[in-house]
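**Student:** Numbering (my numbering), first residue to last: 569 to 1229.
Glycine included, C-beta positions come from ideal geometry on N, C-alpha and C.
I'd like to ask some things about the structure below.
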Ligand code: PLP
């Protein structure tokens, strides 16, 4: 018989003992203070807490909310929005600019604008609109549908700025011109030279003088993923020559007094404050020059770009930022002021279109885990014995066994362990080739696989977290796969599309040690539907610490994971891959006596609805299916009762959630 080496059922990586574990350990492990301040924390009984007002004294237990939603028949996946967090963010951005303005003696004012492309969902936009009246914010739109939504949102609020970016046709521009004639504070931003002519012609035709803005194509590029939003070859805005032509044109048609705002946007998630400073310097000098030419510009719009520290590292890296909201505001105000003062020109009002920084924190996503795949950490002894008992067992199997046996030696050094795993890997590759060529039977192949995984686990157990460079990928190779009842493509598109990190952690069991390490696989039939990069203390890591799905007594209770800071872009960008539709959305607010309450529910898509999105006619589908079932019942292939099961399934599924319940 072969020896049994390192075959305990213990954790994948060495961790402290379970008795020592506290909620504070979980908070540290998942780095909640780094990315979650001041909105998220861990309660003393091991659940995630939400502090909607930024004050830990006012806490909502997230697990309690999820249980409450289940009682209302709202099953995960579910997006939970906290309008109070939105309010806190808007207040924070306004105060940061107001304070920088007053501290510096800046004579312009600050105007925030919410770009609805970041999340156009009506309930959220209505919350923004209500708060915008309180904190003097406006709305920004970038397409015809967004324009219609924006006009609706600002109805009755004629002072609220409605900034219109994006490419425009004559119909778009005429709507804007007429809205301006109606008394709305609507500001078209000229993106292309020809738009200006359309604006001036339609304004003259309707006898109105709208406010006009010009978007400058800065030479300062953004940074990271959206670097090409600006730069000399950027897609948007006017070049310097086109801006000079625009000023000449406006003067010629006697509408130069309408040139109200100079605009730029150098991209989203600007993670380095130096890039912000460079762009502000360039646009401020442009403002000074244009004012010098007689353009009566009153406002400088810096677009969006204020980033979010998704991984909590506070660094100039793609999923983080190396500045705070306050530093951003202080730098912007100071730089514009210095340049204007040097030129002796009035300080303009400062407008920003910060979308991500405004809404990201206010939403999170909760989903349940459906099951897990583990890579066994000990060989199946019976199967291995039977494979070895066969006449002349294949050489790769013997080599794998030899490698595994060598692990018995307690004096092995790191390089010995690396060599043993390399030998196991080589032998496993050979066994796969032999099997494909028909020279290894299925029993030996299965035994080889078992030895390979067991060797890997044993090596990691011996080395702990400090894997040498040549074994760096070993932990990720051996990690579990947790199956998540969610679609990455619908709810976390940026995780797939641009590898953005989001904070992810269990929302309960945080008073227990998470002894497993796993990647997440979603329920789409797409191998890209997975998450295998997570925020770690020293950069992204491949595995997330999670709890075993089954309790020691074998029972399996629901296990919920939360993905945080998902309020920006994820809902707007999500798609219908595999016909997994919009998840449920709920707005959770503070009720009386410290309780939480559901303020709004937007039911997720039903199966019938997603089928209709792709032009299926569900009544016709039902008829076809029933005809087929009836035929099978007539022929005796199905019993009448079985036919009824199928019919019921169809009827219930069409009305039901598109996710697994
Ligand atoms: N303004 C414009 C013109 C944009 O294109 C965008 C997004 O790309 C924004 C504002 C919002 O940017 P962010 O969400 O990074 O603040």
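1) Between residue 1080 and residue 1115, is the Cβ-Cβ spacing less than 8 Å?
2) Comparing C-alpha positions only, which one of 1145, 621, 620 and 590 sits nearest to residue 612?
3) Beta carbon of residue 1060, beta carbon of residue 1030: below 8 Å?
4) Would residue 1207 be called buried (16 or more neighbouring beta carbons within 10 Å of its own) or exposed?
5) How is the alpha helix (DSSP H) around residue 1021 delimited, first residue to last?
6) Given a cut-off of 8 Å, decide if residue 741 and residue 782 are closer than it, judged by their beta-carbon atoms.
7) Nearest to residue 754 by CA position, among 710, 773 and 857, is which residue?
8) Just the C-alpha distance for residue 974 and residue 1007, rounded to the nearest angstrom, thanks.
9) Expressed to the nearest angstrom, what Euclidean distance is found between the alpha-carbon atoms of residue 995 and residue 885?
10) Whole angstroms is fine: what's the gap from residue 1222's alpha carbon to residue 1200's?
11) Taking residue 1143 as the reference, which of 1064, 1074 and 1130 has the closest Cα?
12) Going by C-alpha distance, which of 819, 989, 706 and 982 is nearest residue 1034?
13) Under the assumption that residue 645 contacts residue 1070 (Cβ atoms under 8 Å), give the Cβ distance between them as a whole number of angstroms.
14) Measure the alpha-carbon distance for residue 943 versus residue 840 and round it to whole angstroms.
15) With burial defined as no fewer than 16 other Cβ atoms inside 10 Å of the residue's Cβ, what is the status of residue 1036: buried or exposed?
16) Confirm the yes/no value for this check: CB of residue 929, any heavy atom of ligand 1, distance under 7 Å.
17) To test your reading of the DSSP string, which unbroken beta strand (DSSP E) runs of 3 or more residues are found completely within the stretch 826 to 888?
18) Quick check on DSSP: helix, strand or coil for residue 732?
19) Which one or two residues does DSSP pair with residue 811 in a beta bridge?
20) Run through DSSP, which three-state label would residue 1091 get?
21) Suppose the cutoff is 6 Å on Cβ atoms and the five residues either side in sequence are ignored; what does the same chain contact list for residue 1148 look like?
22) Within the continuous beta strand (DSSP E) that includes residue 1113, where are the two ends?
23) Note the first and the last residue of the continuous alpha helix (DSSP H) segment covering residue 1070.
24) Any contact between the stretch 1187 to 1197 and the stretch 650 to 664? By contact I mean 3 or more CB pairs, one from each, below 8 Å.
25) Excluding five sequence neighbours on each side, which residues of the same chain lie with their C-beta closer than 6 Å to the C-beta of residue 1153?
26) Starting from the N-terminal side, write out each stretch of the beta strand (DSSP E) that is 3 residues or longer and does not extend beyond the stretch 1127 to 1166.
27) For residue 907, which of helix, strand or coil comes out of DSSP?
28) So if DSSP puts residue 932 in a beta bridge, which residue, or which two residues, is it bridged to?
29) Got a sec: does ligand 1 put a non-hydrogen atom nearer than 7 Å to the Cβ of residue 874?
30) Quick check: does the Cβ of residue 1136 come within less than 7 Å of any heavy atom belonging to ligand 1?
31) Just to confirm the assignment, what range does the beta strand (DSSP E) spanning residue 705 have?
32) Run the CB neighbour count on residue 670, radius 10 Å, all protein chains shown included, and call it buried at 16 or more, exposed below.
33) Closest by CA to residue 872, which one among 682, 805, 657 and 952?
34) Contact defined as beta carbons within less than 8 Å: I believe residue 907 pairs with residue 852. What is the distance between those atoms, to the nearest angstrom?
35) Would you report the Cα separation of residue 763 and residue 737, rounded to the nearest angstrom?
36) Can the beta-carbon of residue 649 be found closer than 8 Å to that of residue 692?
**Tutor:** Concretely, from the data shown:
1) Contact: yes.
2) The shortest C-alpha separation from residue 612 is found at 590.
3) The answer is no: Cβ separation not under 8 Å.
4) Around the beta carbon of residue 1207, fewer than 16 other beta carbons sit within 10 angstroms, so the residue counts as exposed.
5) For residue 1021, the uninterrupted alpha helix (DSSP H) segment begins and ends at 1010 to 1031.
6) Between residue 782 and residue 741, the C-beta spacing is not below 8 Å.
7) Looking at the Cα atoms, 710 is the closest of the given residues.
8) Looking at the backbone, the Cα of residue 974 and that of residue 1007 are separated by about 26 Å.
9) For residue 995 and residue 885, the gap between their C-alpha atoms comes out near 40 Å.
10) Rounded to whole angstroms, residue 1222 to residue 1200 spans 22 Å at the Cα level.
11) Of the candidates 1064, 1074 and 1130, the one whose C-alpha sits nearest the C-alpha of residue 1143 is 1064.
12) Of the listed residues, the one whose Cα sits closest to residue 1034 is 982.
13) Actually they do not touch by this definition, with Cβ atoms about 14 Å apart.
14) Their Cα atoms are separated by approximately 41 Å.
15) Taking all protein chains shown into account, residue 1036 has fewer than 16 neighbouring C-beta atoms within 10 Å of its C-beta and is therefore exposed.
16) No - ligand 1 has no heavy atom lying nearer than 7 Å to the Cβ of residue 929.
17) Those beta strand (DSSP E) runs which fall completely within the stretch 826 to 888 and span 3+ residues are 827 to 831 and 867 to 869.
18) Assigned with DSSP and collapsed to three states, residue 732 falls in strand.
19) In DSSP, residue 811 forms no bridge with anything.
20) Looking at residue 1091 - three-state DSSP - the assignment turns out to be coil, as it is neither helix nor strand.
21) Here residue 1148 has 1055, 1058 and 1226 as same chain residues with Cβ atoms under 6 Å from its own Cβ, once five neighbours each way along the sequence are excluded.
22) Boundaries of the beta strand (DSSP E) harbouring residue 1113: 1112 to 1114, taken from the DSSP string.
23) Per DSSP, residue 1070 belongs to no alpha helix (DSSP H) and is neither H nor E.
24) As far as the Cβ criterion goes, the stretch 1187 to 1197 does not touch the stretch 650 to 664, which means the pair count is below three.
25) If you ignore the 5 residues before and after residue 1153, its C-beta comes within less than 6 Å of the C-beta of 647 and 1170, all in its own chain and listed in chain order.
26) Listed in chain order, the complete beta strand (DSSP E) runs (minimum 3 residues) inside the stretch 1127 to 1166 are 1128 to 1131 and 1152 to 1158.
27) In this structure, residue 907 counts as helix in the three-state DSSP scheme.
28) Answer is 648.
29) For residue 874, the shortest C-beta to heavy atom distance toward ligand 1 is below 7 Å.
30) Because some heavy atom of ligand 1 lies under 7 Å away, the Cβ of residue 1136 counts as near it: yes.
31) Counting along the chain, the beta strand (DSSP E) containing residue 705 begins and ends at 705 to 709.
32) Exposed.
33) Selected option, being the one with the closest Cα: 682.
34) Between residue 907 and residue 852, the beta carbon gap of about 4 Å places them in contact (Cβ cut-off 8 Å).
35) Taking the straight line from one Cα to the other gives about 8 Å.
36) Yes. Within cutoff.
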